[in-house]
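Undergrad: Per our numbering, the sequence shown starts with residue 23, numbered consecutively.
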Amino acid sequence: MRFITDRDKGYSIIEVLITLFIVSLILSAAYFTYVSIFKSMKGESESVELQMEKIVGLELLRLDLEHVGYGIGKPLTLGSDYLILESVNDGKDLLIRSTMNNTNNTTIGWVLCNNNAGNDPVHAELEAPNDNLVFVDNEGFVAGVVNDGLCPSDGILVGFPFDPASTGCGGTCSEIVYYLSNTNLPSHCHPQTYNLLRKVNNATGGNPLLSCVADFKFTIDLDIDDDNIVDLTDQIVDNSIPANDLRLQLKRINVYLLIQEGGFNPDYEFKNYSTDSNGNYIQVNGMKLYLPGSSDFIHYRWKVIKISVKPMSIIK
Numbered sequence: 023m024r025f026i027t028d029r030d031k032g033y034s035i036i037e038v039l040i041t042l043f044i045v046s047l048i049l050s051a052a053y054f055t056y057v058s059i060f061k062s063m064k065g066e067s068e069s070v071e072l073q074m075e076k077i078v079g080l081e082l083l084r085l086d087l088e089h090v091g092y093g094i095g096k097p098l099t100l101g102s103d104y105l106i107l108e109s110v111n112d113g114k115d116l117l118i119r120s121t122m123n124n125t126n127n128t129t130i131g132w133v134l135c136n137n138n139a140g141n142d143p144v145h146a147e148l149e150a151p152n153d154n155l156v157f158v159d160n161e162g163f164v165a166g167v168v169n170d171g172l173c174p175s176d177g178i179l180v181g182f183p184f185d186p187a188s189t190g191c192g193g194t195c196s197e198i199v200y201y202l203s204n205t206n207l208p209s210h211c212h213p214q215t216y217n218l219l220r221k222v223n224n225a226t227g228g229n230p231l232l233s234c235v236a237d238f239k240f241t242i243d244l245d246i247d248d249d250n251i252v253d254l255t256d257q258i259v260d261n262s263i264p265a266n267d268l269r270l271q272l273k274r275i276n277v278y279l280l281i282q283e284g285g286f287n288p289d290y291e292f293k294n295y296s297t298d299s300n301g302n303y304i305q306v307n308g309m310k311l312y313l314p315g316s317s318d319f320i321h322y323r324w325k326v327i328k329i330s331v332k333p334m335s336i337i338k
């Protein structure tokens with residue numbers, strides 16, 4: 023006669039249910055851990071992507087600011103088209119004038135003439151061949167414009183290559199405009215942010231440099247008494263300063279950008295902001311940069327970037 027043991031009985035329904043319950047808890051914990059890690063990795067990936075975008079875009083902006091006025095000699099009669107820097111579109115956009123366009127290597131460099139009219143320059147430092155040159159004498163006045171690469175007259179002259187499609191300075195300097203647009207805004211950006219675009223010589227549309235930009239402002243620092251000390255800081259660019267005075271007084275250009283970092287995070291709440299009658303803002307050096315108008319902006323991270331550049335190439 024064989025006796026029935028506990029081993030022969032198998033598992034009871036309660037034991038099976040308890041086992042399933044424990045397994046489901048483990049699977050749920052694993053799932054939520056996976057989701058949390060995935061969200062974190064996605065957020066980090068977006069943050070890294072934005073950081074790389076910022077490095078490239080901000081470096082190009084810095085180079086353009088550094089070369090404000092590069093190659094722009096003084097004409098006999100100064101006009102508004104020779105302003106090396108101005109605001110356009112009711113002060114919303116920044117326009118830079120320079121013979122150098124940092125995304126066009128044919129405009130990078132210079133040549134030197136030394137009493138050799140009608141001949142090749144005695145020295146050339148050109149990034150790429152370009153026979154379109156505007157020459158400036160040792161007093162900073164335009165001495166001639168050529169399309170054959172030859173020295174226009176005797177004297178010590180410095181020539182700057184320019185793009186023949188240039189729209190500024192009588193066709194010898196490029197006009198580079200920085201402006202905000204919400205066209206083709208990336209999906210991870212707050213819908214009330216913008217792309218910062220760069221447009222050269224009235225091109226159709228512009229090239230995006232930075233995305234998820236909530237606000238963009240620019241100011242200048244001036245030395246008004248010619249003692250090489252800044253007298254006025256963070257002055258609004260209102261185009262009221264005569265072109266020659268701007269050349270002499272401009273010491274620094276400041277650009278402020280309020281940029282979103284990372285994507286939407288319902289578990290995060292941004293708190294470092296103030297409010298006035300115009301909306302919510304972050305203030306830096308007295309400059310107010312406004313956040314998106316909708317209340318969900320608090321679920322994004324925001325950062326103010328300031329670029330302050332001393333123009334290196336203004337012809338005085």
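All C-beta atoms in this analysis are idealised placements derived from N, C-alpha and C, irrespective of residue type, glycine included. The model shown is predicted, which means the values in this text are computed figures rather than measured ones.
Give me, in chain order, the residues of the same chain whose beta-carbon lies closer than 8 Å to that of L341; leave out the 5 immediate sequence neighbours on both sides.
TA: Outside the displayed span of the chain (23 to 338) sits residue 341, for which this structure offers no information.
Undergrad: Among L219, G131, I198 and G113, which has the Cα closest to the Cα of S262?
TA: It is G113 whose Cα lies nearest to the Cα of S262.
Undergrad: How is T205 classed by DSSP in three states: helix, strand or coil?
TA: T205 falls in the coil class under three-state DSSP.
Undergrad: Which class does Q282 belong to by DSSP, given the choice of helix, strand or coil?
TA: Correct three-state label for Q282: strand.
Undergrad: Pull up the distance between the alpha-carbon of L232 and that of E161, whole angstroms please.
TA: Their backbone Cα atoms lie some 39 Å apart in a straight line.
Undergrad: With F292 and I320 assumed to form a contact (beta carbons below 8 Å), what rounded beta-carbon distance in angstroms separates them?
TA: Yes, F292 and I320 are in contact; Cβ-Cβ is about 5 Å, under 8 Å.
Undergrad: Measure the alpha-carbon distance for D237 versus Q282 and round it to whole angstroms.
TA: In a straight line, the C-alpha of D237 is about 10 Å away from that of Q282.
Undergrad: Below 8 Å on the Cβ atoms is my guess for S196 versus L219; work out the distance and round it to an integer in Å.
TA: Not really, about 16 Å apart at Cβ, beyond 8 Å.
Undergrad: How many angstroms separate the CA atom of V78 from the CA atom of L42?
TA: Near 53 Å, if we compare the C-alpha coordinates of L42 and V78.
Undergrad: Could you check if F163 is buried or exposed, using at least 16 other CB atoms within 10 Å of its CB as the buried criterion?
TA: With fewer than 16 other Cβ atoms within 10 Å, it is exposed.
Undergrad: With distance defined between alpha-carbon atoms, name the residue in I35, L80, I40 and A165 nearest to Y278.
TA: Closest by alpha carbon: L80.
Undergrad: Per the contact definition of three or more C-beta pairs closer than 8 Å, is the region 172-183 in contact with the region 121-136?
TA: A contact exists between the region 121-136 and the region 172-183.
Undergrad: If we call anything under 7 Å between Cβ atoms a contact, is V331 one with L87?
TA: Closer than 7 Å, so yes.
Undergrad: How would you write the range of the beta strand (DSSP E) that N229 sits in, first residue to last?
TA: That run of the beta strand (DSSP E) goes N229 to L244.
Undergrad: Nearest by alpha-carbon distance to K239: which of L280, V252, V199 and N217 is it?
TA: K239 has its Cα closest to that of L280, out of L280, V252, V199 and N217.
Undergrad: Please tell me whether Y322 and L311 are closer than 7 Å, where the distance is taken between their beta carbons.
TA: Cβ atoms of Y322 and L311: not closer than 7 Å.
Undergrad: Can you tell me which residues form a DSSP beta bridge with I336?
TA: Partner(s): Y92.
Undergrad: Is DSSP giving S262 helix, strand or coil here?
TA: Correct three-state label for S262: coil.
Undergrad: Counting only the same chain and skipping the five closest in sequence on each side, list residues whose C-beta sits under 6 Å from that of C135.
TA: Hits under 6 Å: P143, C173 and L179.
Undergrad: Going by alpha carbons, who is nearest to V235 out of A265, V252, L207 and P97?
TA: Of A265, V252, L207 and P97, the residue nearest in Cα terms is L207.
Undergrad: For S335, I'd like the list of residues in its chain whose CB is within less than 7 Å of its CB, leaving aside the five on either flank, ordered along the chain.
TA: Hits under 7 Å: H89, G91 and Y92.
Undergrad: Anyone know if the C-beta pair for Y104 and A265 falls short of 7 Å?
TA: Going by C-beta atoms, Y104 is nearer than 7 Å to A265.
Undergrad: Quick one: complete beta strand (DSSP E) runs, 3+ long, within the region 122-193?
TA: Runs of the beta strand (DSSP E) inside the region 122-193: 131-136, 145-148, 155-158, 164-168 and 178-183.
Undergrad: Does the beta-carbon distance from G140 to D159 come in below 7 Å?
TA: No.
Undergrad: Can you tell me whether V252 is helix, strand or coil according to DSSP?
TA: Three-state DSSP puts V252 in coil, outside helix and strand.
Undergrad: Report the option in E147, N307, L270 and N300 whose CA atom is closest to the CA atom of D356.
TA: Residue 356 cannot be examined here, being either before or after the span of the chain that is shown, 23 to 338.
Undergrad: Kindly provide the ranges of any alpha helix (DSSP H) runs that are 4 or more residues long and lie completely inside the region 265-330, ordered along the chain.
TA: Entirely contained in the region 265-330, the alpha helix (DSSP H) runs reaching 4 residues are, in chain order, 265-271.
Undergrad: Classify L313 as buried or exposed, calling it buried when 16 or more other Cβ atoms lie within 10 Å of its own Cβ.
TA: Classification of L313: buried, given that the 10 Å Cβ count is 16 or more.
Undergrad: Between L244 and D256, which are expected to be in contact by the criterion C-beta below 8 Å, what is the C-beta distance as a whole number of angstroms?
TA: Between D256 and L244 the Cβ distance is about 10 Å, and since that is not below 8 Å, they are no contact.
Undergrad: For S188, I'd like the list of residues in its chain whose CB is within less than 8 Å of its CB, leaving aside the five on either flank, ordered along the chain.
TA: So the qualifying residues of the chain are T121, T194, C195, S196, E197 and N223.
Undergrad: For H212, count neighbouring C-beta atoms within 10 Å of its own C-beta (all shown protein chains included) and say buried if the count is 16 or more, exposed if not.
TA: Under this definition H212 is a buried residue.
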